[in-house]
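J.: Chains as they are written, first to last, in my numbering: chain Z, 1 to 268; chain W, 1001 to 1222. Ideal Cβ placement from N, Cα and C applies to all residues, glycine included. Small disclaimer: the values here were computed from a predicted structure and weren't measured.
Structural data, given as structure tokens:
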């Protein structure tokens, strides 16, 4: 059993190639900026990483809403929610790190108590809480319900974080790309747009793998119970020679227990 | 619902009145936190006066976490939460009742902490209207969010560590807005404190409404 397939392998190779092209364009082909100089190169990573962070938490919110809605309730939505949250948390950490590097170079400090930065840090803390909550609940239904409630709050924080530069007085740069006349041109514009494609592919590859991993974990949990029940049954009955190898193949511990049970029966 | 809320609030406050955990443990802890803040600033009095609103609300946050944990630890002992579930009380009423009980304890604690801030940090309390209004609304928000997340964590195995991890980032906007409102009330900033009060009121309203709606589903799952 594996979380990879020919599709994910193709996606992974494409993502790797796209990131390599992004690095080449971003580091050598794209010229330095007239105002920012070499610092412009952070734009080929940071905005795309931050967008993937939002996309991850957006997927998490979508999965949670669809799970909470009785008509669409399915474990698939819960898997999508956890995949989105976990990948979103990774990209959120990357956003904070790349943003700090930018901050040190542009503002002279690694961190400042700006609305955008603070909300992103809160979002990261919320995502860690979300993931910790999921690990603390064993029952799949309870886990999905509780984590969905927290996911909705994360979605609210994403909206606040996104509009923070418009709603609050903030040091953070306003939108560069998504406006009627973008304030970036030529190779810089091409490279920045490409960074969204490259990191989008990385994001998709990670989400697909995490989704499948969650499905495998669920399968392991459900089949683990069946294996345990079978082993307990084997302990209570004398095991025939034909059946023993099958039990032994399933679980070494249960085979040993079955052998002990058989030995007890023989003693009697 | 309101009758159920009064019953639950009365029950929680009676339990607290008999056990005296808030008086014997939470309140001294809050004062120790204030003292530690004083040590950390090392007699830099002007800085301490400037930072007093933030330190006050951080002490409230830490103590609030303890009060919420206490509010649900009495329910998880001896299967009391099952009795609460089977009692046919309205879940929204249980939620409101627990919020009122936690908020009542926090208000007493805040009065004590405000006294501590005046004595230890030599702050001058002023702007009584804004100060009292922002304190009451913030307390409602802290209690509502605390009880909602407390219900989420009540049956979980790592609830002692999980609750602070989940609740602290959620309460960050309250700490920020309440600190700014207090700074405006005490004349430490020129900002409009009433604007921050509006943010606090929105936060409290969202958590009171969300908690009242979702509390039934949450305690069913614990």
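1) Going by CA-CA distance only, name the one from W/1044, W/1035, W/1178, W/1072 that's closest to residue 1193 of chain W.
2) Is residue 126 of chain Z near residue 99 of chain Z, with beta carbons less than 8 Å apart?
3) Just checking, does the segment 1106–1121 of chain W make contact with the segment 1167–1184 of chain W on the three C-beta pairs under 8 Å criterion?
4) On the DSSP letters alone, give me the boundaries of the alpha helix (DSSP H) that residue 1090 of chain W sits inside.
5) Among W/1174, W/1191, W/1212, whose alpha-carbon lies nearest the alpha-carbon of residue 1200 of chain W?
6) Taking only runs that begin and end inside the segment 96–167 of chain Z, name each unbroken alpha helix (DSSP H) of 4 or more residues, in chain order.
7) Check whether the Cβ of residue 245 of chain Z lies closer than 8 Å to any Cβ atom in chain W.
8) Can you tell me the Cα-Cα spacing of residue 63 of chain Z and residue 1023 of chain W, whole angstroms?
9) What residue from W/1097, W/1157, W/1139, W/1083 has the CA that sits closest to residue 1108 of chain W's CA?
10) Ordered along the chain, which non-local residues of its own chain (more than five positions away) have a Cβ less than 6 Å from that of residue 1006 of chain W?
11) Quick check on DSSP: helix, strand or coil for residue 1004 of chain W?
12) From which residue to which residue does the alpha helix (DSSP H) around residue 195 of chain Z run?
13) What is the DSSP secondary structure of residue 1191 of chain W, counted as helix, strand or coil?
14) Applying a beta-carbon distance threshold of less than 8 Å, which residues of chain Z neighbour residue 1091 of chain W?
15) What does the Cβ neighbour count give for residue 201 of chain Z, buried or exposed, with the cut at 16 atoms within 10 Å?
16) Counting only Cβ-Cβ distances shorter than 8 Å, please list the residues of the segment 137–150 of chain Z near chain W, keeping chain order.
17) Let me know if residue 1019 of chain W comes out buried or exposed under the rule of 16 or more other beta-carbons within 10 Å of its beta-carbon.
18) Which runs of the alpha helix (DSSP H) fall wholly inside the segment 42–87 of chain Z and span at least 4 residues, in chain order?
19) Whole angstroms are fine: how far does the CA of residue 221 of chain Z sit from the CA of residue 277 of chain Z?
20) Just to check my reading of the structure: residue 1165 of chain W and residue 129 of chain Z have Cβ atoms closer than 8 Å, yes? What is that Cβ distance to the nearest angstrom?
21) Can you confirm whether residue 89 of chain Z, when its beta carbon is compared against all beta carbons of chain W, has any partner nearer than 8 Å?
22) Touch check for the segment 1125–1140 of chain W and the segment 1100–1107 of chain W: three-plus C-beta pairs under 8 Å?
23) Do you know whose CA, among W/1068, W/1049, W/1031, W/1060, lies nearest residue 1012 of chain W's CA?
24) Please list, in chain order, all residues of the same chain as residue 89 of chain Z whose beta carbon is under 6 Å from its beta carbon, the five residues on each side excluded.
25) Between residue 245 of chain Z and residue 234 of chain Z, what straight-line distance do the alpha-carbon atoms span, to the nearest angstrom?
26) Out of Z/96, Z/204, Z/215, Z/123, point me to the one whose CA is closest to residue 1172 of chain W's CA.
27) Looking at the structure shown, is residue 37 of chain Z part of a helix, part of a strand, or coil, going by DSSP?
28) What residue range is occupied by the uninterrupted alpha helix (DSSP H) comprising residue 24 of chain Z?
29) By the DSSP assignment, the alpha helix (DSSP H) with residue 1025 of chain W in it spans what residues?
30) Any idea what DSSP makes of residue 32 of chain Z, helix, strand or coil?
31) Looking at C-alpha atoms only, which residue of W/1042, W/1188, W/1071, W/1059 is the closest neighbour of residue 1112 of chain W?
32) With a cut-off of 8 Å on the beta carbons, I'd call residue 151 of chain Z and residue 60 of chain Z a contact; round off their distance for me.
T.: Here's the rundown:
1) W/1178
2) no
3) no
4) Element bounds for residue 1090 of chain W: n/a, residue is neither H nor E.
5) Per the Cα distances, W/1174.
6) Correct list: 115–136, 140–162, 164–167.
7) Its pLDDT being 49, under 50, residue 245 of chain Z is placed unreliably by the model, and the measurement read from it follows with that caveat. Taking 8 Å as the CB threshold, residue 245 of chain Z stays off the interface with chain W.
8) 44 Å
9) W/1139
10) none
11) Here residue 1004 of chain W sits in helix by DSSP.
12) Where residue 195 of chain Z is concerned, the enclosing alpha helix (DSSP H) stretches over 186–236.
13) Here residue 1191 of chain W sits in coil by DSSP.
14) Correct list: empty, because the minimum Cβ distance to chain Z is about 14 Å.
15) buried
16) 137, 139, 141, 142, 145, 146, 149, 150
17) The residue in question, residue 1019 of chain W, is exposed, as its Cβ has fewer than 16 Cβ neighbours within 10 Å.
18) 46–68
19) Residue 277 of chain Z is absent from the model: chain Z starts at 1 and stops at 268.
20) 5 Å
21) For residue 89 of chain Z, no Cβ of chain W is located within less than 8 Å of the residue's own Cβ.
22) A contact is defined here as three or more CB-CB pairs under 8 Å, and the segment 1125–1140 of chain W meets this definition with respect to the segment 1100–1107 of chain W.
23) W/1068
24) 127
25) The predicted model places residue 245 of chain Z with a pLDDT of 49, which falls under 50 and marks its position as unreliable, so this point remains unresolved.
26) Z/123
27) strand
28) 6–24
29) Run containing residue 1025 of chain W: none; DSSP gives neither H nor E here.
30) coil
31) W/1059
32) 5 Å
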